[in-house]
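Shown next, in structure tokens, is the structure this report addresses.
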Amino acid sequence: MILNTLFIESLSNFAHGLSSAFFIYFGINLVFFRGSNRPLLVLGYLFCLWAVQDIKDLLLYLDSVSESVYCSTLLLSFDMWAVPFCALFLLEILYPGFFSLKRVVQFEAPLCLFTLVYALTGRSIFYTASVVYTAIFCLIVVLFIVSKVGRYNRYMRENYSYTERVNVRWLINSMIILAVCLLLWLYTCTNVSHMGDLVYYVTSTLLWGIVLYYSLRQEWINDMDSDDDPEPVPEAVVESLEPSRNGLTLMSQKLEAYIREKELYLNPKLSLPDLAVGMGTNRSYLSNCLNNELGVTFYDYINSFRLERAKSILENPDFEGSIEEMALMSGFNSVSTFRRSFHKKYGCTPSQYRKRAVGE
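Shown next, in the form of structure tokens:
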């Protein structure tokens, strides 16, 4: 029994050190070696803060600290400072440029105040108030983020011909991860044990590793809600596209002709701003044409050309490539997206369509 206790204690200490090393390494890496990528920069700051909190927990190994209700509670109150930074990270993703020193102060001030007052008075009611405030804050942030994730993903579909690595569905999973970390933290606070610490450090490190993985593979978008026009183009081209002269119907015809002529749908990274630059118009006008005249998003519109191209390839008896090769030849950025889109439009898989078309 004693050996088991010592073994678990050793594992807990090792997990504590591993967690600290993880947050220190990636925190420094994200802050100093990721350029101007703001979401990753904010995540780096968050990791550095988390590392500091892991390191300050070393004080709990001192009997004089761990046996003092005042000292241990004061250290726990510092842990909650990470919650506003988590919110700032999530909001920076949905609203590029949201993170600022002013907002850091605004988000952190209440918890800092609770900690300061508790440090000065030692009255537990202020620690309890900080826990209640944190819980309410988390609930508000979660509800807000959930309501805005759909808006962000909708914007992606209206402006980009691909969704891989630009949609933020993973944010929902991230919030679940943060909730799990918070619950584990609450458990370890109320049930102090080496096993509880072990589970907390291992789980939180793994879960934050998942957030880091999705963050590193994400293609960050910084031009949301920007209606800036592209670079100047010849006046004659602009006049030919003015809605007052030709209307949205003529614009939709020009749009289709231009895309077919240039075979722009074969570019897996095609975006509405890029298309606007090529046609000499602005993004808002093209978006208006797609949404109001054609009733489709840019994503669905471009994929319709890709599906048409894929269909013609499947109907070609001389084609001997794989479905994966055909998807890439048609301009799709993801084979899974191609299969899903193809089945949605034609009611069968690409392989089934191929068999019907050429009798394979």
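Our numbering numbers the first residue of the sequence shown as 1082 and each following residue consecutively.
Cβ atoms here follow ideal geometry from the backbone N, Cα and C, with glycine treated the same way.
Worksheet item: Do you know offhand how far P1349's Cα is from G1412's?
Response: Counting from 1 along the sequence shown, the entry for residue 1349 is found at position 268. Counting from 1 along the sequence shown, the entry for residue 1412 is found at position 331. A straight line joining the alpha-carbon of P1349 with that of G1412 spans about 5 Å.
Practice prompt. Along the alpha helix (DSSP H) that carries R1421, what are the first and last residues, could you check?
Written response: Sequence index remark: in the sequence shown, residue 1421 carries index 340 (1-based). Its alpha helix (DSSP H) spans residues 1416-1427.
Discussion item. At the level of alpha carbons, what is the spacing between V1150 and L1293?
Written reply: For the purposes of this step, residue 1150 is taken as the residue at position 69 of the sequence shown. For the purposes of this step, residue 1293 is taken as the residue at position 212 of the sequence shown. A straight-line Cα-Cα distance of about 35 Å links V1150 and L1293.
Fill in: Segment limits, alpha helix (DSSP H) that includes K1436
Reading the sequence shown from its first residue, position 355 is the one you call residue 1436. Start and end: 1431-1439.
Worksheet item: Roughly how far, in whole angstroms, is the beta-carbon of R1031 from the beta-carbon of T1378, given that I think they are within contact range, below 8 Å?
Response: With the chain represented from 1082 up to 1441, any question about residue 1031 goes unanswered, as that position is not in the structure.
Fill in: Cβ pair L1141, L1156 closer than 8 Å
What you label residue 1141 is simply residue 60 of the sequence shown in a count that begins at 1. What you label residue 1156 is simply residue 75 of the sequence shown in a count that begins at 1. Yes, they are a contact pair.
Discussion item. Could you check whether the Cβ of V1261 sits closer than 7 Å to any heavy atom belonging to the ligand ATP?
Written reply: Among the components modelled here there is no ligand, and therefore nothing to report on the ligand ATP.
Discussion item. For a test of the three-state rule: what should DSSP assign to Y1243, helix, strand or coil?
Written reply: Within the sequence shown, numbered from 1, the residue matching residue 1243 stands at position 162. The three-state secondary structure of Y1243, taken from DSSP, is coil.
Worksheet item: In three-state terms, what does DSSP make of S1411?
Response: The sequence position of residue 1411 within the sequence shown is 330, counting from 1. Correct three-state label for S1411: coil.
Worksheet item: Measuring CB to CB, does A1132 end up less than 8 Å from G1098?
Response: By one-based count along the sequence shown, residue 1132 stands at place 51. By one-based count along the sequence shown, residue 1098 stands at place 17. Result no, Cβ atoms of A1132 and G1098 do not sit closer than 8 Å.
Fill in: Buried or exposed (CB count within 10 angstroms, at least 16 for buried), Y1282
Looking up residue 1282 in the sequence shown gives position 201. Label assigned to Y1282: buried.
Worksheet item: So is S1173 buried or exposed if we call it buried at 16+ other beta carbons inside 10 Å?
Response: By one-based count along the sequence shown, residue 1173 stands at place 92. Reading the sequence as shown, one finds Glu at residue 1173 and not Ser. In summary, E1173 is buried, with 16 or more beta-carbon neighbours lying within 10 Å of its beta-carbon over all protein chains present.
Item to complete: For A1446, count neighbouring C-beta atoms within 10 Å of its own C-beta (all shown protein chains included) and say buried if the count is 16 or more, exposed if not.
Response: Given that the chain is displayed from residue 1082 to residue 1441, the structure contains no residue 1446 and the question cannot be resolved.
Item to complete: Just the C-alpha distance for E1300 and G1203, rounded to the nearest angstrom, thanks.
Response: In the sequence shown, residue 1300 corresponds to position 219, counting from 1. In the sequence shown, residue 1203 corresponds to position 122, counting from 1. Each residue's Cα considered, the two are about 47 Å apart.
Fill in: Residues that DSSP places opposite S1352 in a beta bridge
Working through the sequence shown from its first residue, we reach residue 1352 at position 271. Residue pairing of S1352 in beta bridges, as defined by DSSP: Y1241.
Practice prompt. Using only alpha-carbon positions, find the residue among A1210, L1287, L1182, F1114 that is nearest to F1195.
Written response: Counting from one through the sequence shown, the residue named residue 1195 turns up at place 114. Nearest C-alpha to F1195: A1210.
Practice prompt. Take T1284 and list the residues in its own chain whose beta-carbon comes closer than 8 Å to its own, dropping the five residues that flank it on each side.
Written response: Within the sequence shown, the letter at position 203 stands for residue 1284. V1261, C1262, L1265, listed in sequence order.
Discussion item. Let me confirm a value: E1189 is counted as buried when at least 16 other C-beta atoms fall within 10 Å, else exposed. Which label applies?
Written reply: Within the sequence shown, the letter at position 108 stands for residue 1189. With 16 or more Cβ atoms within 10 Å of its Cβ, E1189 is classed as buried.
Item to complete: List the whole-angstrom C-beta distance separating Q1134 from F1159, where the pair is believed to meet the contact cut-off of C-beta under 8 Å.
Response: As a working mapping, residue 1134 is identified with position 53 in the sequence shown. As a working mapping, residue 1159 is identified with position 78 in the sequence shown. At roughly 6 Å, the Cβ-Cβ gap stays under 8 Å, so Q1134 and F1159 are in contact.
Worksheet item: Do you know offhand how far V1223's Cα is from V1213's?
Response: Here residue 1223 corresponds to residue number 142 of the sequence shown, with the count starting at 1. Here residue 1213 corresponds to residue number 132 of the sequence shown, with the count starting at 1. Distance from the CA of V1223 to the CA of V1213, rounded to the nearest whole angstrom, comes to 15 Å.
Fill in: Beta-carbon proximity check, T1418 vs H1424, cutoff 8 Å
Residue mapping note: residue 1418 aligns to position 337 of the sequence shown, counting from 1. Residue mapping note: residue 1424 aligns to position 343 of the sequence shown, counting from 1. H1424 sits away from T1418, with the two beta carbons spaced by 8 Å or more.
Worksheet item: Residue range of the alpha helix (DSSP H) that N1254 falls in?
Response: The residue given as residue 1254 occupies position 173 in the sequence shown. Its alpha helix (DSSP H) spans residues 1251-1271.
Item to complete: Rounded to whole angstroms, what's the CA-CA distance from F1162 to V1185? Just pull it up for me.
Response: Here residue 1162 refers to the residue found at position 81 when the sequence shown is read from its first residue. Here residue 1185 refers to the residue found at position 104 when the sequence shown is read from its first residue. Note that residue 1162 is Trp in the sequence shown here, rather than Phe. Going from the Cα of W1162 to the Cα of V1185 covers about 11 Å.
Discussion item. Quick check on DSSP: helix, strand or coil for L1099?
Written reply: For the purposes of this step, residue 1099 is identified with residue 18 of the sequence shown, where counting begins at 1. The three-state reading of DSSP puts L1099 in helix, counting H, G and I together.
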